[in-house]
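A.B. asks: The structure's right below; bear with me while I get my questions together.
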Amino acid sequence: MAYKECRCPNCTLPTVFNDARMQCYCINCGFLIRKEDAGDVEPVVSSEAPCDAPTARPSEQSDGLVTVMVSVPDKAQPFMIFIDDEEVLKSTGGSYRVRTTPGRHSLRVRQNLFSETVDIDASEGTRVDVTVGIMGLKVNIH
């Protein structure tokens, strides 16, 4: 799995690190994180883990952010997930934790030529399931 959770060296909040690209932007403050800056990197929830698995560690509960679970099906072409037009995840499948501020956000899922945008009310435990059909992408919010 290429995406890992780590702490941003700039704002010290949890974020997602793209191991394949060897760098990423912090989803909290926009800081460019290089592999040497990522520090101790721990795996994100694997695709085998249930979406309702506990996600917040005690140290994360006071940072003002909420965890949104994002599940995408296993496909050859990667999915790109954007929150408020900022790319937060690129994956070929699995379940991931994305940290964001609570409240209303625009969530866009893109794969190849297909794109689907929905409004979500992000709160702790919000789940977003992406499915692919003949007519394109479908985003379900739980």
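So in this note's numbering, spot 32 of the sequence shown is number 44, and the numbers just go up one at a time. From the three backbone atoms N, C-alpha and C, an ideal C-beta is built for every residue, glycine too.
Could you say which of L119, H154, I132, L125 lies nearest to V100 if we only look at CA atoms?
C.D. replies: L119
A.B. asks: Provide the residue span of the beta strand (DSSP E) that contains H117, from first to last.
C.D. replies: 115 to 123
A.B. asks: Should D127 go down as buried or exposed, given a rule of 16 or more other Cβ atoms within 10 Å for buried?
C.D. replies: Residue identity differs from the one stated: residue 127 is Ser in this sequence, not Asp. Exposed: under 16 other Cβ atoms inside 10 Å.
A.B. asks: Less than 6 Å between C-beta atoms, sequence neighbours within five positions excluded: which residues of the same chain meet that for D86?
C.D. replies: G105
A.B. asks: Confirm, please, whether the CB-CB distance from V84 to T138 is below 7 Å.
C.D. replies: no
A.B. asks: Could you pull out every residue in the same chain whose Cβ sits closer than 6 Å to the Cβ of G148, ignoring the five residues on either side in sequence?
C.D. replies: F126
A.B. asks: Tell me whether M81 sits in a helix, a strand or coil according to DSSP, three-state version.
C.D. replies: strand
A.B. asks: Rounded to whole angstroms, what is the Cα-Cα separation between V140 and H154?
C.D. replies: 6 Å
A.B. asks: Starting from K102, trace the beta strand (DSSP E) in both directions and tell me its first and last residue.
C.D. replies: In the DSSP assignment, K102 falls within the beta strand (DSSP E) that extends over 98 to 103.
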